[in-house]
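Under this note's numbering, the residue at position 566 of the sequence shown is numbered 574, and the numbers go up by one with no gaps. All C-beta atoms, glycine included, are put in the ideal place defined by N, C-alpha and C. Below: the structure, in structure tokens.
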Amino acid sequence: MTLPTKPAADSPNETVASPSPLGSDDSGTPTRREAVVRTVGTLLAVAGVPAVWTRRDDFDVVIRGGVVHDGLGSPGVRGDVGVRAGRIAAMSPRIAERGRQEIDATGQVMAPGFIDIHSHGDGNVWDDPRAESVVRQGITTIVAGQDGSSRPWGATAAASAGRESGSFAAWFAAIDALHPSVNVAAMIGLGTVRGKVVGEDDRAATASEVERMVALVTRALADGACGASSGLEYTPGAFARLDELVALARPLAGRRLPYATHMRNEDDQLLDAIDESIAVATGAGCPLQISHLKTQGPRNWPRLDDAFGRIEQAKRSGLDVAFDRYPYTAYQTGLTNLFPVWSRDGGTQAFLRRLDDPATAARIRTETLGKVELIGGWDNVHIASVRAADDRAAEGKRLGAYARSLGMDPYEVALGLLRRSALNVGMVGFAMSEDNLDRILAHPLGMVCSDGGAFAADGPTRRGSPHPRGLGTFPRVLARYVRERRALTLEQAIHKMSAYPAARVGITDRGRLAVGLAADIVVFDAAIVRDTATYEQPFQYPVGISAVLVNGGVALHEGVRRPEGTGHSVRPAAG
Ligand SMILES: [Zn+2]
């Protein structure tokens, strides 16, 4: 980080803000009164008059004595940070002025608030804007709209309770009115776009449909979306062909915003899927963000070198490519994801009808069992959530063990759960290598994502048995992959959680600690910070994170949460 060069003792008031390097509208430019105070203060200091002459409560908040990490990967430097009007107003080895609120960060790390580049918090934030599981990890901005799914246009199921708006502009306004505890940026879900224009069927889009989809993407970008996402293992997004994806990603190119993809395959066809992702971004001329990169299934673990090789080759060829990953060796998805994509063509009813046809049902069974074998059997399938109240006993159990307890065939148990919950069954699959995870997190093109939702240990979002990543991701990277496994350094980890993802989605006024930027700050004790959420007991908050500021508001301090959120919608800088 760059701290002012003059020692604080010589000029206690030199910590007053300099104009924002970004020239934003509330940049913290000193007012005339502050300028006078600064000048007088400097003169007094020179004359040997003690600094008590300075104006009190010069800052809204001063965080003192932490090791300040700027987010750019440089080593931390001991210092104080002063916050005023939602912005970082001063950074200095010692700030003499008082803050209305003082936070002691002695012995702790001060870092830019974490930015979660692949979040599903847009699902639950409406139910509980406190987003406790998010803010308590030190996350201050989530990037929603992932895996091809956009809330602003919404699936019909989400259309109630004001969750669906006609446009991204209206949706951002609804987020602002909600006062969530964290900031929300959003990508355009290309699966939702396809569902809206083409419908649920597996067919190529016509030229006029492509035109209408491109118009939706273009409009959403103008409204402030920060990229476009695809979910090519999900319907109807999976029905998009390469040329359609290229056409829909092309509007991103001019803004240098990413095409983010949950690829068509993450196990046996991983390398083909990477090739397809590279072809989309290359064809569109836009940056590529591979979402939650993984090599699923033990037999695919040795393919990581080939996966990196393809990505690095694309980078050398000039493609702006990066990827993200959550720090767990199990993934979470819908239980239907174990079933072949073709069997889900046309939606829930079509899927259930296929199961009623014996010949088709047999084919579905064979292909599904192949996928289950790939991840190591039914005991590697954890049932995260069901919709049907009668099946609550299955939540939190391994499907294999649950079937044994019922004396039933696990495939039949899976089908029964799906039928009774109208396919709304969530699963966690244990299928990844931790050594590969170390390497993915440590790779220079890798960054951290949660891929998780927003929950709380109390209230309406305490439901089912979600993947612990929604409550533990960022502290877990700091604890397990920095401190214990030493896969990456603290500086690298912070960079991958802040400035790197911010730059990726065009957010220029946060993601770093620098004077003039938005005061999104996390304070944590690097020696003890850790996640506590587990697959069995997910609703547990991390420890070791002592303070979180969002837009200068103290969202969390010593375990106490501020009641009303200070987060708002976030758009990429105009480019
Ligand atoms: Zn995904």
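In this structure, what does DSSP give as the bridge partners for residue i?
{"i": "Met118", "result": "Val76 and Val531"}
{"i": "Ala397", "result": "According to DSSP, Ala397 bridges with nothing at all."}
{"i": "Glu110", "result": "Val70"}
{"i": "Ser577", "result": "Val192"}
{"i": "Tyr267", "result": "Ala236 and Leu296"}
{"i": "Ile553", "result": "Phe532"}
{"i": "Ala330", "result": "Gln297"}
{"i": "Gly561", "result": "Val558"}
Give me the residue from the options with the minimum Cα distance to residue i.
{"i": "Asn189", "options": "Ala563, Thr214 and Arg95", "result": "In the sequence as displayed, the identity of residue 189 is Ser instead of Asn. Comparing Cα positions, the closest option is Ala563."}
{"i": "Ser413", "options": "Asp387, Phe438 and Leu426", "result": "Asp387"}
{"i": "Val237", "options": "Pro244, Thr269, Leu224 and Asp210", "result": "The sequence as given places Ser at residue 237; Val does not occur at that position. Ser237 has its Cα closest to that of Thr269, out of Pro244, Thr269, Leu224 and Asp210."}
{"i": "Asp314", "options": "Leu278, Gly293 and Arg106", "result": "Leu278"}
{"i": "Ala287", "options": "Arg518, Gly305 and Gly326", "result": "Gly326"}
{"i": "Trp179", "options": "Asp136, Gly199, Ala233 and Ser82", "result": "Ala233"}
{"i": "Tyr543", "options": "Asp78, Glu572, Pro244 and Gln340", "result": "Gln340"}
{"i": "Gly424", "options": "Arg477, Leu360 and Arg570", "result": "Leu360"}
{"i": "Gly552", "options": "Asn444, Gly73, Phe482 and Gln297", "result": "Phe482"}
{"i": "Asn345", "options": "Gly79, Glu375 and Thr226", "result": "Glu375"}
{"i": "Ala119", "options": "Arg579, Ile529, Asn132 and Thr303", "result": "Ile529"}
{"i": "Ala257", "options": "Asp276, Leu224 and Pro546", "result": "Leu224"}
{"i": "Ala526", "options": "Asp517, Ala534, Pro546 and Lys302", "result": "Asp517"}
{"i": "Tyr549", "options": "His300, Val143 and Thr214", "result": "Val143"}
{"i": "Glu442", "options": "Val117, Gly174 and Gly305", "result": "Gly305"}
When we look at the beta-carbon of residue i and count the other beta-carbons within 10 Å, is it buried (16 or more) or exposed?
{"i": "Asp365", "result": "exposed"}
{"i": "Ala193", "result": "buried"}
{"i": "Met416", "result": "exposed"}
{"i": "Gln321", "result": "exposed"}
{"i": "Ala113", "result": "buried"}
{"i": "Thr574", "result": "buried"}
{"i": "Ala582", "result": "exposed"}
{"i": "Asp209", "result": "exposed"}
{"i": "Asp280", "result": "exposed"}
{"i": "Gly36", "result": "Because Gly36 carries a pLDDT of 35, less than 50, the predicted location of this residue cannot be relied on, and no value is offered for it."}
{"i": "Ser216", "result": "exposed"}
{"i": "Arg468", "result": "Sequence check: residue 468 is Pro here, not Arg. By the 10 Å Cβ count, Pro468 comes out exposed."}
{"i": "Pro452", "result": "exposed"}
{"i": "Gly568", "result": "The amino acid at residue 568 is misidentified as Gly; the sequence shows Val. Answer is exposed; the Cβ neighbour count stays below 16."}
{"i": "Asp398", "result": "exposed"}
{"i": "Gln545", "result": "exposed"}
{"i": "Gly519", "result": "buried"}
{"i": "Ala255", "result": "buried"}
{"i": "Arg307", "result": "exposed"}
Roughly how many whole angstroms lie between the Cα atoms of residue i and residue j?
{"i": "Leu433", "j": "Gly342", "result": "The sequence shown places Val at residue 433, not Leu. Distance between the alpha carbons of Val433 and Gly342: 6 Å."}
{"i": "His576", "j": "Ile103", "result": "29 Å"}
{"i": "Thr149", "j": "Arg400", "result": "33 Å"}
{"i": "Ala8", "j": "Val69", "result": "No answer is possible for residue 8: the residues shown for the chain start at 9 and end at 583."}
{"i": "Gly293", "j": "Gly115", "result": "46 Å"}
{"i": "Ser157", "j": "Gly197", "result": "4 Å"}
{"i": "Ala501", "j": "Ser285", "result": "26 Å"}
{"i": "Glu572", "j": "Ile183", "result": "13 Å"}
{"i": "Ala358", "j": "Arg352", "result": "7 Å"}
{"i": "Gly355", "j": "Phe331", "result": "30 Å"}
{"i": "Gly56", "j": "Met99", "result": "With a pLDDT of only 40 at Gly56, under the threshold of 50, the placement of this residue in the model should not be trusted; the figure read from the coordinates follows. Cα-Cα distance, rounded: 23 Å."}
{"i": "Gly384", "j": "Leu407", "result": "12 Å"}
{"i": "Ala139", "j": "Gln145", "result": "10 Å"}
{"i": "Val91", "j": "His128", "result": "30 Å"}
{"i": "Arg211", "j": "Phe247", "result": "6 Å"}
{"i": "Gly460", "j": "Gly73", "result": "33 Å"}
{"i": "Asp276", "j": "Pro348", "result": "14 Å"}
{"i": "Thr439", "j": "Val523", "result": "Here the sequence assigns Ala to residue 439, which means Thr is not the residue at that position. Each residue's Cα considered, the two are about 44 Å apart."}
{"i": "Pro580", "j": "Glu241", "result": "28 Å"}
{"i": "Cys457", "j": "Val151", "result": "9 Å"}
{"i": "Gly235", "j": "Phe176", "result": "12 Å"}
{"i": "Glu492", "j": "His475", "result": "22 Å"}
{"i": "Ile96", "j": "Leu431", "result": "47 Å"}
{"i": "Gly514", "j": "Val558", "result": "19 Å"}
{"i": "Met271", "j": "Ile123", "result": "22 Å"}
{"i": "Arg477", "j": "His126", "result": "12 Å"}
Contact check, residue i vs residue j under 8 Å by CB: the rounded distance?
{"i": "Ala396", "j": "Arg428", "result": "4 Å"}
{"i": "Val436", "j": "Ala464", "result": "The Cβ separation is near 20 Å, so there is no contact."}
{"i": "Glu252", "j": "Val218", "result": "6 Å"}
{"i": "Ala555", "j": "Leu498", "result": "With 8 Å as the limit, Ala555 and Leu498 do not qualify as a contact, their Cβ atoms being about 18 Å apart."}
{"i": "Ser141", "j": "Ala462", "result": "6 Å"}
{"i": "Leu445", "j": "Thr540", "result": "Wrong, their Cβ atoms sit about 19 Å apart, outside the cutoff."}
{"i": "Arg333", "j": "Lys302", "result": "7 Å"}
{"i": "Pro335", "j": "Val485", "result": "5 Å"}
With 9 Å as the threshold, decide whether the Cβ of residue i is near any Cβ in chain B.
{"i": "Arg488", "result": "The chain inventory of the structure shown lacks chain B, comprising one protein chain alone."}
Is the closest heavy atom of ligand 3 to the C-beta of residue i under 8 Å?
{"i": "Gln154", "result": "In the structure shown, ligand 3 is absent; the only ligands present are ligand 1."}
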